[in-house]
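>
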Amino acid sequence: MIVTSMCLSVMILLQLLGEQPFVYGEPRVEDRHKLWEILQQLKTRCSDPWVVIGDFNETMWQYEHFSETKLGERQMADFRDVLEDCGLKDLGFSGLLWTYDNRKSGDRNVKVRLDRGVATQSWTNRFFDASVTHLTSPCSDHCPLLLLVVQEQGGGSGERQVYYEIMWERDASLGERVQQAWNNEETRGDLGAVSLALKGVLQALKNWSSIHFGSVRKELESLRTQLANQQEAGRRCYGCKDQEFHG
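Just so we're aligned: the sequence shown equals residues 138 to 384 in the numbering used here.
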């Protein structure tokens, strides 16, 4: 449900599952109060535990801002005040210290934690193992946020889930492969047989993909790891520079 949508450059606030709003805050400091007012309105309408996650376009503390120029204390205080009024606490994070990097060099570089997850005490009591991770992105100047609220359950069958991959559609022979795999399955017309047949088709496509494309997931994970290592090296270098500057 869209609570408000003035225009994309101002803010969008979505509420999913009745408890999880996602935010995009106004980039202009003078208009940040609009999002703060919406959060306060949402508080009066929502009696359930709730969490808010997204790009607030604001930070809470000076130490979350890595730049030659300091932020205004008033704007950060306003952000902290509205979170306190709404009973929203920072969920913390793992990963890089910032979520935004303007990717400029030298003194023009700005890194800041603009994106975060905050939640009410009743929400954190329900999801006490919840965690937020700053993921790496090869293309965006913002880090994607991963909010993990469900742990994997042990004691299952141990069978790995097979997923349909969009990249398969780049191969012109996909339709032929699907038809061939379907023809090899036994279908009696009842839903149970159809379900098993579809499962067999998906497994056949996975086997074909392993031969035709190789281990794409492992390659992607390797590239993500390399990117994360480079960003971590940049963070350490920035920390050394910051220490020398204040030393």
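Idealized CB from N, CA, C, for every residue including glycine.
Here the structure is a predicted model, which means the values were calculated and not measured.
(1) Taking only runs that begin and end inside the segment 195-251, name each unbroken alpha helix (DSSP H) of 4 or more residues, in chain order.
(2) For the beta strand (DSSP E) containing V269, name the first residue and the last one.
(3) Measure the C-alpha to C-alpha separation of G243 and R250 and round it to an integer number of angstroms.
(4) Would you tell me roughly how many angstroms separate the C-alpha atoms of A267 and D278, rounded to the nearest one?
(5) From the DSSP output, which residues share a beta bridge with R169?
(6) Report yes if the C-beta distance between K270 and G232 is below 9 Å; otherwise report no.
(7) Under a Cβ-count criterion, where at least 16 other Cβ atoms within 10 Å of its own Cβ denotes burial, should Y237 be classed as buried or exposed?
(8) Could you check what DSSP says for V286 in three-state terms: helix, strand or coil?
(9) Name the two residues that bound the continuous alpha helix (DSSP H) containing G312.
(10) Once you ignore the five residues that flank L311 on each side, which residues in its own chain have a CB closer than 6 Å to its CB?
(11) Does G162 come out as helix, strand or coil in the three-state DSSP assignment?
(12) Just verifying my parser: in three-state terms, what is the DSSP assignment at G254?
(13) Using a Cβ-Cβ cutoff of less than 7 Å, which residues in the same chain neighbour N366 once the five nearest sequence positions on both sides are dropped?
(14) Using the C-alpha atoms, what's the distance from K226 back to F265?
(15) Excluding sequence positions up to five away, which residues of its chain have a Cβ less than 7 Å from the Cβ of P186?
(16) Leaving out five residues before and five after P275 in sequence, what residues of the same chain have Cβ atoms less than 7 Å from its Cβ?
Considering the structure as presented:
(1) Along the segment 195-251, the alpha helix (DSSP H) occurs as fully enclosed runs of 4 or more residues at 210-222, listed in sequence order.
(2) V269 -> beta strand (DSSP E) spans 268-271.
(3) Approximately 19 Å, taken between the alpha carbons.
(4) In this structure, the CA atom of A267 is about 25 Å from the CA atom of D278.
(5) DSSP lists no partner for R169.
(6) It is worth fixing the name first, because residue 270 is Thr in this sequence and not Lys. Yes, Cβ-Cβ distance for T270 and G232 is below 9 Å.
(7) Per the 10 Å Cβ criterion, buried.
(8) If DSSP states are grouped into helix, strand and coil, V286 belongs with coil.
(9) Counted as a single uninterrupted DSSP element, the alpha helix (DSSP H) harbouring G312 occupies residues 311-320.
(10) Excluding sequence positions up to five before and after L311, its CB lies within less than 6 Å of the CB of W305, all in the same chain and listed in chain order.
(11) Looking at G162 - three-state DSSP - the assignment turns out to be coil, as it is neither helix nor strand.
(12) Three-state DSSP puts G254 in a strand.
(13) Taking C-beta separations shorter than 7 Å and ignoring five residues to either side along the sequence, N366 has no partners in its chain.
(14) For F265 and K226, the gap between their C-alpha atoms comes out near 13 Å.
(15) For P186, the CB contacts under 7 Å within the same chain, skipping 5 residues up- and downstream, are E156, T257, S259, W260, R263 in chain order.
(16) In its chain, beyond the 5 residues on either side, L364 have a beta carbon closer than 7 Å to the beta carbon of P275.
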